[in-house]
Structure formats: structure tokens, C-alpha cells
Amino acid sequence: MINTKPQLSQDFVKMIKGKANEGTYRVNVDGILIDVFPYIFPPESPFSESTHTVYDHFGRLNGNRVLDIGTGTGIQAIQATLAGADEVDAVDIYDKAVECADHNINLNRLEGKINVWKSDLFNNVPKKEYDLIIANLPIVEAKETDIRLHSLFDPNFAYHERLFQDSPAYLSNSGRITLCHANLQNQGFEKLEKIAERYGFIPNIKKSVNSLGYEWRNYDFISTKYTGDKKQ
Ligand SMILES: C[S@@+](CC[C@H](N)C(=O)[O-])C[C@H]1O[C@@H](n2cnc3c(N)ncnc32)[C@H](O)[C@@H]1O
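Just so you know, we're using the numbering used here here: the sequence shown kicks off at 1436 and counts up by one.
Listed below in C-alpha cells is the structure:
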């Protein structure tokens, strides 16, 4: 288990804690108004590079069924709906994030278009086939006991391990997982790709940008575990 947190994450935690003392605040995310509840991952801030790195590369989603895992403020689910997705489900492990996402769905008059509920990854997701799983999960591998900070930290990369392990049962035959990752830690990209490959996913780097002193990649992962219409 890695216990050293990158300076960028430590600064981000400081900002999140400082903002939490002020209560809920509103941000404008490319024209979408989002209220950020205390401790919820802000989709717009000096540190929030991953959020737009994901939704910038969805493309049009007409005809798609989408699951947003780790929805936070609900921003990816909202962007997916605006990109034309037919059905959008959104889950988060933290109940305050579920409340926050629900609030922002109403704020943007998208009630009835996005279902949001509490779930630790797929634990509370009924069996269904999705064309796109958005998983902008925490990207720093470090011990963290405070669930409010699980927007940043994935102890032992266990969430990513379970994401790739369980996703094949929830993906349609042409389905994909999309996420953002950064080389905030040694071998960060290699570790992620290795986990994905272990569960039969092929990584495809759609975009790479340098920002805040690191490389940020938008990945799509396609499962190789399909034989004709049947999954193995
Ligand atoms: C990096 S934030 C991303 C928030 C939002 N999707 C975005 O793109 O701005 C990660 C989110 O994943 C949630 N999360 C962490 N572990 C999770 C798990 N095991 N299951 C579901 N959600 C989880 C956190 O509570 C947090 O809201």
C-alpha cells in the first residue's frame, strides 16, 4: 500500500476541506450550473483536470445506455444526457454525493432523465447492459479511511480492480468504459493498464494533455471477452 500522497492531492484535499467549511457553492462547468455540496469533488477548480478530460471525449451518445459510476456532483451523467444518451443511471458510494447529484439534476431540469442512487461500484446496480460506463473514479493509490475523501484516493487500487473485474457483466457487446487517469504516481499508467488487461480490456488512449505538471489521459477500454453475441 502506498502511503505518500502526491503534493497535488494534498493541495486538493486542503482546498476541498476549506470549501467545505463555507458550505455549498455554485460553479459554471462549460455553461452548466453545478452546486458543489461540502466534500463533493468539484467539477471546476484549479485541480479538477479529470472531469472535463472525461466528458470532452464522449462524442454523441444517441441510442446509448450509460452508467456513471462515482457521479459526485452528477456532472458526467448530466453531460451524457445532454450528449443525447437514451438512458442514464448514476451511482456513488457516498450518500451526500447522491444527494448532490440529485439536486444538480433538478437544477438543470433533467429530472426523470437520470436515475441516481447509492452503490459501491456495481454492488447495488441491477443487471443491465450499458453501452458506456463512465468511471471517473479516484486516481491516487493511497490509504484513506475518510469516505468523504474517497473522491481522490483508491486504497490499493482496489476500486479499479473491481471496476474491471465486474464491468464485463454490465457491458453491451459494443460497450466501453471511459475514464481519466494521470501519472501522479510512479507507474500510474502501467498499473492501471495492467489491471484492465488482467480482466480482458484493451486500453485505447483517446487524448493526452499535460497540465498541472502531469500527463492526463482520456482512456476508453473495450472488453475482449466477447464471442459473437455471447460473453464468456
Ligand atoms: C474523482 S471523483 C469524480 C466525480 C465526478 N464523476 C466528476 O467527474 O467530476 C470520484 C467519485 O467517485 C466516488 N467513488 C469512490 N469510490 C467509489 C465506489 N467504490 N463506488 C462508487 N463511487 C465511488 C467518490 O465518492 C467521488 O464522488
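Ideal Cβ placement from N, Cα and C applies to all residues, glycine included.
Secondary structure of residue i, DSSP reduced to three states
{"i": "glycine 1610", "result": "strand"}
{"i": "leucine 1627", "result": "helix"}
{"i": "serine 1643", "result": "strand"}
{"i": "asparagine 1550", "result": "strand"}
{"i": "arginine 1495", "result": "coil"}
{"i": "serine 1490", "result": "One point to set straight first is that residue 1490 is tyrosine, not serine, in the sequence displayed. Three-state DSSP puts tyrosine 1490 in a helix."}
{"i": "phenylalanine 1447", "result": "helix"}
{"i": "histidine 1616", "result": "strand"}
Proximity to residue i [Cα-Cα], best of the options
{"i": "glycine 1623", "options": "Gly1610, Ile1574, Ser1643", "result": "Ile1574"}
{"i": "asparagine 1559", "options": "Leu1545, Ile1540, Asp1527", "result": "Asp1527"}
{"i": "lysine 1452", "options": "Leu1614, Asp1524, Ile1467, Phe1476", "result": "Phe1476"}
{"i": "serine 1485", "options": "Leu1496, Ser1444, Glu1522, Leu1567", "result": "Ser1444"}
{"i": "alanine 1512", "options": "Gln1442, Tyr1490, Ile1630", "result": "Tyr1490"}
Counted within 10 angstroms of its Cβ, other Cβ atoms place residue i as buried (16 or more) or exposed
{"i": "serine 1646", "result": "exposed"}
{"i": "leucine 1584", "result": "buried"}
{"i": "alanine 1593", "result": "exposed"}
{"i": "lysine 1440", "result": "buried"}
{"i": "glycine 1498", "result": "exposed"}
{"i": "threonine 1488", "result": "buried"}
{"i": "glycine 1519", "result": "exposed"}
{"i": "glycine 1458", "result": "exposed"}
{"i": "serine 1658", "result": "buried"}
Rounded straight-line distance, which links the Cα of residue j to that of residue i
{"i": "glutamine 1600", "j": "aspartate 1555", "result": "14 Å"}
{"i": "phenylalanine 1588", "j": "aspartate 1521", "result": "31 Å"}
{"i": "tyrosine 1474", "j": "tryptophan 1651", "result": "23 Å"}
{"i": "arginine 1495", "j": "leucine 1542", "result": "23 Å"}
{"i": "isoleucine 1549", "j": "isoleucine 1540", "result": "7 Å"}
{"i": "leucine 1606", "j": "glutamate 1534", "result": "26 Å"}
{"i": "arginine 1500", "j": "lysine 1454", "result": "34 Å"}
Anticipated Cβ contact below 8 Å, residue i with residue j, distance rounded
{"i": "isoleucine 1504", "j": "isoleucine 1582", "result": "No, isoleucine 1504 and isoleucine 1582 are not in contact; Cβ-Cβ is about 16 Å, not under 8 Å."}
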